[in-house]
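A.B. asks: Per the working numbering, the sequence shown starts with residue -11, numbered consecutively.
Backbone N, C-alpha and C fix where the C-beta goes; we use that ideal spot for every residue, glycine too.
Only a predicted model underlies this, so the values are computations on that prediction, with no experimental measurement involved.
Starting off with a structure, shown below.
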Amino acid sequence: MTSVLACVLIASLGVGDLGPPSRSFGEVSPQPSAEAEFGAWEFQAAGARHGRLFPPQDLGLLEAPDREAWQKPDEIMDALGIADGSAVADIGAGAGWFTIRLARRVGPNGIVYAQDVQRQMLEAIRRRVAREGLRNVETRLGSDSTPNLPGGALDAVLVVDVYPEVERRVAFLQNLAAALTPTGRVGIVNYKPGSGGPGPAAAEGARVEVSAVEDDARAAGLRVLSRQTLPYQYLLVLGR
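As structure tokens, then:
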């Protein structure tokens, strides 16, 4: 999954039926290595760079002091209906900036699947949740064949600033939808084209019009439930 924001995402996903969410928190489900298979984009203090995985050694750059103010994590979680006891996924979790906030929101009766395609990122997340004393985060290594999410079990899936990297976007949304409960929601957060701010330059093709995401969602059989404008981004909430 900013002045400093990294999100890594699989380009195409498939959801296996893994049964109900596991409650053995903090464990990693074994998956084949995917480090070399995917492109990514990320943000650093010096600006955006496009087209490669975020280097794990730069994880310290991911905590912009002003991010809380413009990212509006509480508003995003509210719009997705994330509450105590929810089962959610953070796609392209990176260093776990959103993962930690999701874990606090869902509480000990909920679970957060922090997913990334780099093992080093997942290791960093495990260390972070251990420092925070959180026991409701389970890391998942994704690949091009499966996002390794439980089918039909999630109340919400959050995808922050990674949608522009998806090549087969309709299939991507269909596969995320397969991980949802009947009332579950997908939240897509992207930088607004031409909005400036901490995001990538529009010339890099890393900003997607909200109308394009809505068209993809409808083609995937999803409904647009709501739209919300953030300081530099938009939030699109989708449902089955």
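Taking only the alpha-carbon atoms, compute the straight-line gap between P219 and A189 and give it to the nearest angstrom.
C.D. replies: In a straight line, the C-alpha of P219 is about 16 Å away from that of A189.
A.B. asks: Where in the stretch 82 to 108 do unbroken runs of the alpha helix (DSSP H), each at least 4 residues long, occur, reported from the N-terminal end onward?
C.D. replies: The qualifying runs are 85 to 94.
A.B. asks: If you drop the 5 nearest sequence neighbours on each side, which residues of the same chain put their C-beta closer than 6 Å to that of Q216?
C.D. replies: Counting only Cβ-Cβ distances below 6 Å, and skipping sequence neighbours, we find A67, L223.
A.B. asks: Could you give the residue range of the beta strand (DSSP E) that holds V125?
C.D. replies: Start and end: 125 to 129.
A.B. asks: Check whether the stretch 200 to 216 touches the stretch 163 to 176, counting contact only when three or more Cβ pairs, one atom from each stretch, lie closer than 8 Å.
C.D. replies: Yes, they touch.
A.B. asks: With DSSP run on the structure shown, which of helix, strand or coil describes L161?
C.D. replies: Reduced to three states, the DSSP call for L161 is helix.
A.B. asks: By how many angstroms is the C-alpha of L168 removed from the C-alpha of I79?
C.D. replies: Answer to the nearest angstrom: the Cα atoms are 14 Å apart.
A.B. asks: Between the beta-carbon of Q103 and the beta-carbon of N136, is there less than 8 Å?
C.D. replies: Against a cut-off of 8 Å, the Cβ pair of N136 and Q103 comes out as a contact.
A.B. asks: Keeping to the same chain, check which residues put their C-beta closer than 7 Å to that of A75; ignore five residues upstream and five downstream.
C.D. replies: Result list for A75: P9, G98, I99, A141, L142, D143, in chain order.
A.B. asks: Measuring alpha carbon to alpha carbon, tell me which residue in F160, T87, A159, G69 is nearest I113.
C.D. replies: The shortest C-alpha separation from I113 is found at T87.
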